[in-house]
């Protein structure tokens, strides 16, 4: 239910575990990760989908941006949008570091 999901999201450690597991194994690929329903590690997320990708600062992985929603998402629109967002955040933060 929605309350369980919100309580789960308040704790940052479980999400960090998900992000770490899937971003470490993808290597140099820059496409966002997609987890649908039971592919999620935690029971609280198994009725949801997650799309998440990393942004970089100075060429190094620095953080993760993601979307959590129902399993019936417009993946063909959201995946490229998230990729675009992580690219923009990477460029802006890297530019600010260089200044």
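In the UniProt record's numbering, the protein residues as written are 1 to 99. Quick reminder that beta carbons are idealized off the backbone N, C-alpha and C, glycines included.
- When the alpha-carbon of residue 37 is set against those of 69, 52 and 65, the nearest one is in 69.
- Bridge partners of residue 61 according to DSSP: 56.
- The DSSP assignment places 33-36 as complete runs of the beta strand (DSSP E) inside the segment 8-37, in order along the chain (cut-off: 3 residues).
- Cβ-Cβ separation between residue 40 and residue 53: approximately 16 Å, too far for a contact (criterion under 8 Å).
- If you ignore the 5 residues before and after residue 79, its C-beta comes within less than 8 Å of the C-beta of 31, 32, 34 and 51, all in its own chain and listed in chain order.
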